[in-house]
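Chemist:
There are 2 protein chains.
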Amino acid sequence: MGLVVGADIGGTNIKLVGVTEDGEITAQTQVETRDSIADTTEKRRYWVQALREGIEAITRQSGGAVTRVGIAAPGLVSVDGLTIRHMPGRLSGLEGLCWTDELGVGDVVPVINDAQAALVAESWIGAASQVQDAFLLTLGTGVGGAVMLDGAVRRGPTGRLGHLGHMTLDLNGTADICGTPGSLEVFVGEATLAERSAGRFTTYPELIGEYRTGDIAATELWLRTVRALATGISSLVNVLDPQLVLLGGGISTASELGPPLKTYMDELEWRPDGDAVPIRTAELGTYGGAVGAARRAMGGASGDHVTGAEALHRTSY
Amino acid sequence: MGLVVGADIGGTNIKLVGVTEDGEITAQTQVETRDSIADTTEKRRYWVQALREGIEAITRQSGGAVTRVGIAAPGLVSVDGLTIRHMPGRLSGLEGLCWTDELGVGDVVPVINDAQAALVAESWIGAASQVQDAFLLTLGTGVGGAVMLDGAVRRGPTGRLGHLGHMTLDLNGTADICGTPGSLEVFVGEATLAERSAGRFTTYPELIGEYRTGDIAATELWLRTVRALATGISSLVNVLDPQLVLLGGGISTASELGPPLKTYMDELEWRPDGDAVPIRTAELGTYGGAVGAARRAMGGASGDHVTGAEALHRTSY
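Chains as they are written, first to last, in our numbering: chain E, -13 to 303; chain U, -13 to 303.
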């Protein structure tokens, strides 16, 4: 199959990787997303050009021809698996953009939800390679999610399966971008941090820095955030029965997360046999979504190798 | 295969059905569970005797030999699929009781969680027979749940998959029997109704009767209950991406449920394509769990016909 490129279109940067079928990452690069470009046509032109140049750069660095490309992006993927069909709020211009038409590499350029892509990558060559049932929470501006069952990352009939950030934790709380009141995303996403701290913090590194000094308000807010995360994980454990919980994104690697998270999980998790479900950090980091997109472009994504557009009409990867 | 008997051991009654492989229900009967029998050995002896007599009665009524028996019960099923291994609070004596040893009908007498059994039955010959992805909430003393994905009702690695009542809706709320704070079960289960009404109501028929008269406190409590249910369903739609939501048990057939539930779903459900996920009442009613247990005893339960104990070591039915 040769070299496959995965590209992950995030709110800030577009990450690209070159990956072989054996899971060897031969090259990686990133460029700005420039979501601030006001004109949608111009922004689309910039993205397509950026991807073409990124693919060329990866070809040069890897010293081999790129045979396929896969795209990861936030939002809901269309049923044919070729575009993002729904992405409210950010990245205007992404909806309906058909990369198969624009890039002309391989038969098709499949599109996969970014959190689902990250879990595909972890299942392939990362922290979830030894389990069949797991879920991933990506802790960033928002809270993304993805679910693997019986070894397959699931998209569900409409692509919505695994939108774990949009689960209510406080039925009297503020609605999130999906209209879900007091959701996990409202309690844990960085986007609401300023509001939750009465304007004092806008990023988690700031909050965690003050937590480290023992600042009382910062301590309370951080611990409340971690407790909300533990409450969400505990609920999802009861709904999904995973063998492993993976955390990715911004705060997942902070050393200040583990101890309070363990304390709260000990309190909140239902453990009928006395066993805690292991919680681990995603291993592939920044490039996880891009690796998963490349894996998707290889056909299937969880071991069942299929190719061509008809293979994209499926409810699981 | 001939006639198969399914038995559903509930808190109040044991329901038994005789079912053919074509899904024809040839006989049904029920006896008291008598959970109040204090001595566990005596209670177990009573249950085994009740099941033996029930099987005989169904044999007589159906005019054919019973070749297999399946059991549905609340709690977590053991990995070998032959016993309930964990059932806190009620039905002491049920944990570890091996029906294969006690009844001696067929090779094995498989045991299946009661809510999962009800969804198996709905998927087989009920309201979910035309879809592949659905979840069921059973609204009774507590709130049970079950999940079907890709046409298979899932039990998950530990049997916990689909414990949908144990999902937090208020992270500051009272813990339920699984230790989950402010769960769907806490807000909707009949067990908490007395507490939620300051002792005024202990059953939903009482509450709904007063709601019908326009009583202000009853109206508020009923609408708050339905809103909590809608919040839970909306969250689960985002997590599980079903084609259909099924409601079973006590209040699911009340005509007073539909209109407020629709109002709240219109407000709370994320509808990226404008479509509401249909919500329907389970069709098989009281005997759904027993029918699902019979289907389980037929081998598989979702179309894949397998027999023998080794076939029970699976993470989906």
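Just so you know, even glycine gets a beta-carbon here, dropped at the ideal spot from N, CA and C.
(1) In chain order, which continuous runs of the alpha helix (DSSP H) of length 4 or greater are located wholly inside the stretch 221 to 284 of chain U?
(2) Going along the chain, which residues of its own chain have a beta-carbon closer than 7 Å to the beta-carbon of residue 178/E, five neighbours each way excluded?
(3) In its own chain, which residues sit with a C-beta less than 8 Å from the C-beta of residue 146/U, not counting the 5 before and 5 after it?
(4) Apart from the five residues on each side of it in sequence, which residues of its chain come closer than 6 Å, Cβ to Cβ, to residue 295/E?
(5) Per DSSP, what kind of secondary structure is residue 37/E in: helix, strand or coil?
(6) Using a 10 Å radius around the Cβ and a threshold of 16 neighbouring Cβ atoms, would you call residue 252/U buried or exposed?
(7) Any C-beta of chain U within less than 9 Å: which residues of the stretch 217 to 241 of chain E qualify?
(8) Mind checking residue 202/E: buried by the 16 CB within 10 Å criterion, or exposed?
(9) Between residue 237/U and residue 53/U, what straight-line distance do the alpha-carbon atoms span, to the nearest angstrom?
(10) Please classify residue 100/E: does DSSP put it in a helix, a strand, or coil?
(11) Taking 8 Å as the cut-off, decide whether the C-beta atoms of residue 5/E and residue -2/E are in contact.
(12) Go ahead and label residue 198/U buried or exposed: buried means 16 or more other beta carbons lie within 10 angstroms of its beta carbon, across all protein chains shown.
(13) Have a look at residue 261/E and residue 56/E and give me their C-alpha separation to the nearest angstrom.
(14) State the beta-bridge partners of residue 121/E as determined by DSSP.
(15) State the beta-bridge partners of residue 70/U as determined by DSSP.
(16) Closer than 8 Å is the cut-off here; do at least three beta carbon pairs connect the stretch 120 to 132 of chain U with the stretch 219 to 229 of chain U?
(17) Can you pull the chain E neighbours of residue 191/U, defined as C-beta to C-beta under 8 Å?
(18) Have a look at 149/E, 65/E and 88/E and flag the residue whose alpha-carbon is nearest the alpha-carbon of residue 36/E.
(19) Which word fits residue 301/E, buried or exposed, when buried means at least 16 other C-beta atoms lie within 10 angstroms of its C-beta?
(20) For residue 175/U, count the other beta carbons within 10 Å of its own beta carbon; 16 or more makes it buried, fewer makes it exposed. Which is it?
(21) Taking the continuous beta strand (DSSP E) assigned at residue 18/E, which residues delimit it?
(22) Based on the DSSP output, what are the partners of residue -7/U in its beta bridges?
(23) Judging by CA-CA distance, which residue of 8/U, 80/U and 226/U is the nearest neighbour of residue 99/U?
(24) Does residue 96/U have its Cβ less than 8 Å from a Cβ in chain E?
(25) Of all the CB atoms in chain U, is at least one closer than 8 Å to the CB of residue 297/E?
(26) In whole angstroms, what separates the C-alpha of residue 233/U from that of residue 137/E?
(27) For chain U, check one thing: does any of its Cβ atoms lie closer than 8 Å to the Cβ of residue 153/E?
(28) So, is the C-beta of residue 146/E closer than 8 Å to a C-beta in chain U?
(29) So residue 153/E and residue 224/U are in contact, right, with Cβ under 8 Å, and what is the actual spacing, rounded?
(30) Taking 8 Å as the threshold (C-beta atoms), are residue -11/U and residue 51/U in contact?
(31) Which residues bound the alpha helix (DSSP H) around residue 195/U?
(32) When the Cα atoms are used, what is the spatial distance from residue 74/U to residue 256/E?
(33) Using DSSP with H/G/I as helix, E/B as strand and the rest coil, what is residue 177/E?
(34) At the 8 Å Cβ level, is residue 9/U part of the contact set with chain E, yes or no?
(35) Between 266/U, 278/U, 273/U and 215/U, which has its C-alpha nearest residue 113/U's C-alpha?
(36) Which value, in whole angstroms, describes the spacing of the CA atoms of residue 304/E and residue 3/U?
Modeler: Let's see:
(1) 244 to 254 and 274 to 283
(2) 172
(3) 62
(4) With a pLDDT of only 36 at residue 295/E, under 50, the local geometry of the prediction cannot be trusted, and the value read off the model is given with reservation. 94.
(5) helix
(6) exposed
(7) 217, 218, 220, 221, 222, 223, 224, 225, 226, 227, 228 and 229
(8) exposed
(9) 35 Å
(10) helix
(11) no
(12) exposed
(13) 38 Å
(14) 133/E and 231/E
(15) 63/U and 81/U
(16) yes
(17) Within chain E, no residue comes near residue 191/U; the closest Cβ sits about 25 Å away, beyond 8 Å.
(18) 88/E
(19) Only weak support exists for where residue 301/E lies, its pLDDT of 45 falling under 50; the coordinates are left without a value.
(20) buried
(21) 11 to 18
(22) 2/U and 57/U
(23) 80/U
(24) no
(25) Bear in mind that the predicted position of residue 297/E carries a pLDDT of just 39, short of 50, making it too unreliable to give a figure here.
(26) 29 Å
(27) yes
(28) yes
(29) 6 Å
(30) yes
(31) 190 to 198
(32) 12 Å
(33) helix
(34) no
(35) 266/U
(36) Residue 304/E lies beyond the residue range present for chain E, which begins at -13 and ends at 303; the question has no answer from this structure.
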